[in-house]
Amino acid sequence: MIRRAFIVAVATACFTSCAPALLKLPAGPGGPAADARDALIEATTACQKITTLSAEIAASGSAGGRGLRARLLTGVARPASARIEAVAPFGAPLFIFVARANDATLLLPRDDRVLQHGRPDEVLEAVAGVPLDPIELRSTLTGCAIAPDVEGARQLGDDWRVISDGPTHIYLRRDPHAAPWRLVATVHPSTAGRAEWRAEYRDFQDGVPRTIHLAALDRQQFDLKLALSQVDINKPLGQEVFTVQIPRSAEPITLDELKDARAGVRKN
Numbered sequence: 050m051i052r053r054a055f056i057v058a059v060a061t062a063c064f065t066s067c068a069p070a071l072l073k074l075p076a077g078p079g080g081p082a083a084d085a086r087d088a089l090i091e092a093t094t095a096c097q098k099i100t101t102l103s104a105e106i107a108a109s110g111s112a113g114g115r116g117l118r119a120r121l122l123t124g125v126a127r128p129a130s131a132r133i134e135a136v137a138p139f140g141a142p143l144f145i146f147v148a149r150a151n152d153a154t155l156l157l158p159r160d161d162r163v164l165q166h167g168r169p170d171e172v173l174e175a176v177a178g179v180p181l182d183p184i185e186l187r188s189t190l191t192g193c194a195i196a197p198d199v200e201g202a203r204q205l206g207d208d209w210r211v212i213s214d215g216p217t218h219i220y221l222r223r224d225p226h227a228a229p230w231r232l233v234a235t236v237h238p239s240t241a242g243r244a245e246w247r248a249e250y251r252d253f254q255d256g257v258p259r260t261i262h263l264a265a266l267d268r269q270q271f272d273l274k275l276a277l278s279q280v281d282i283n284k285p286l287g288q289e290v291f292t293v294q295i296p297r298s299a300e301p302i303t304l305d306e307l308k309d310a311r312a313g314v315r316k317n
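Each residue of the sequence shown is one higher than the last, beginning at 50 in my numbering.
Right, dumping it as structure tokens:
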């Protein structure tokens, strides 16, 4: 039997009242936003300069309908590298996830199991509920756009702009009116087999968020608060950071087994 510990560091009952409230995003067709390019530049200049980011992340909330708390040591680098290590209170890590481009490895040291050559978004979704590849993870942690298109940008009132970023929509806001524009939310539409979800950003320091809220439209799927600390930006991260030493004794685990383990957490 696969040990459940790699999914959560501390599992507790979690009621709806413990979940942070979502932003009330403006709705409606709006009108053309002639200033969208300038607003986007102001909101993303700092994050677009980030080539590497490492941080300790305190994750709390719920995934699969169960409460969780975890401490994650995380690093991301351009163009498409990522590492997440779930630290246990003592002993070996709960899991180590590394990915480069479209190739991911997940090591479960306490179970001596390993998944190799998986799709990063599928592997991360299996262990944490959130479907992100390395580029999307870096964009999410830095509160940045990937490939925005300002041509169809919309103005929703004086202080909101909505811009397409591939299939997603990014929301820019200034509050109060004289404040700089911030990227405060990214909405990812539903796709085959995946529900709509969003990322929200708060507590900016030097143009980069320190608090991130990830929530699926069905908040039973995942509803997570990420608090970033010990943040290092643009410090070299060697390729060894994005590799993991696999013990010879480690036995393979499949993506379906990981998904079944998460289902077991929900049931039990």
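In this text, a Cβ means the ideal position worked out from N, Cα and C, and glycines have one as well. As the structure is a computational prediction, the values presented were derived from the model and not from experiment.
Secondary structure note for Pro-258: it is in no alpha helix (DSSP H), and the uninterrupted beta strand (DSSP E) holding it is 257 to 265. For Val-293, same chain residues with a beta-carbon under 6 Å away, outside a window of 5 residues either side, are Ile-145, Val-147, Thr-154, Leu-156 in chain order. Listed in chain order, the beta strand (DSSP E) elements of length 3 or more contained wholly in the region 107 to 191 are 115 to 126, 130 to 136, 144 to 149, 152 to 157, 162 to 167. By the beta-carbon neighbour count (other beta carbons within 10 angstroms, threshold 16), Ser-239 is exposed.
In terms of Cβ geometry, Leu-102 and Leu-190 form a close pair [threshold 8 Å]. By the 16-neighbour rule on beta-carbons within 10 angstroms, Leu-266 is exposed. Boundaries for Leu-286: no beta strand (DSSP E) harbours it, and the DSSP string shows neither H nor E there. For Arg-251, the beta-bridge partners assigned by DSSP are Thr-260. Considering only Arg-243, Leu-304, Gln-254, Gln-279, the residue with the shortest C-alpha distance to Ala-95 is Gln-254. Per DSSP, the continuous alpha helix (DSSP H) segment holding Ile-90 begins and ends at 85 to 97. The beta carbon of His-237 is closer than 6 Å to those of Thr-217, Trp-246 in its chain, skipping five residues each way along the sequence. The beta carbon of Gln-279 lies closer than 7 Å to those of Ala-104, Glu-105 in the same chain, with the five residues before and after it left out. In this structure, DSSP gives Lys-73 a state outside helix and strand, which the three-state scheme calls coil. Distance between Ala-141 and Trp-209, taken at the CA atoms: about 46 Å.
Looking from the CA of Arg-149, the closest CA among Gln-165, Arg-162, Ala-131 belongs to Ala-131. Take Arg-223, set aside five residues on each side of it, and the residues of its chain with a beta-carbon closer than 6 Å to its own are Asp-208, Trp-230, in chain order.
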